[in-house]
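In our numbering, the protein residues as written are 1267 to 1334.
Backbone N, C-alpha and C define an ideal beta-carbon position, used for all residues, glycine too.
Below: one structure, written as structure tokens.
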């Protein structure tokens, strides 16, 4: 079964190369148009809910030693 799917995929790519390239370009454009909406935040504290104890304690520590 696995080799049948693999053989079919290879034959499609080889015998219909224009369609394969066009499909790859379309998929790349779709993914590329959605990438601009992905936001990455490297601050782990922003991922934690504000109502858990560890977040509250950390916020207190930051407030206390903010200017030192």
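Is the Cβ-Cβ distance between residue i and residue j less than 8 Å?
i, j, result
"residue 1321", "residue 1311", "yes"
"residue 1269", "residue 1278", "no"
Is DSSP giving residue i helix, strand or coil here?
i, result
"residue 1316", "coil"
"residue 1304", "coil"
"residue 1268", "helix"
"residue 1332", "coil"
Excluding the 5 residues flanking residue i on each side, which residues of the same chain have their C-beta closer than 8 Å to its C-beta?
i, result
"residue 1288", "none"
For residue i, I'd like the list of residues in its chain whose CB is within less than 7 Å of its CB, leaving aside the five on either flank, ordered along the chain.
i, result
"residue 1324", "1311"
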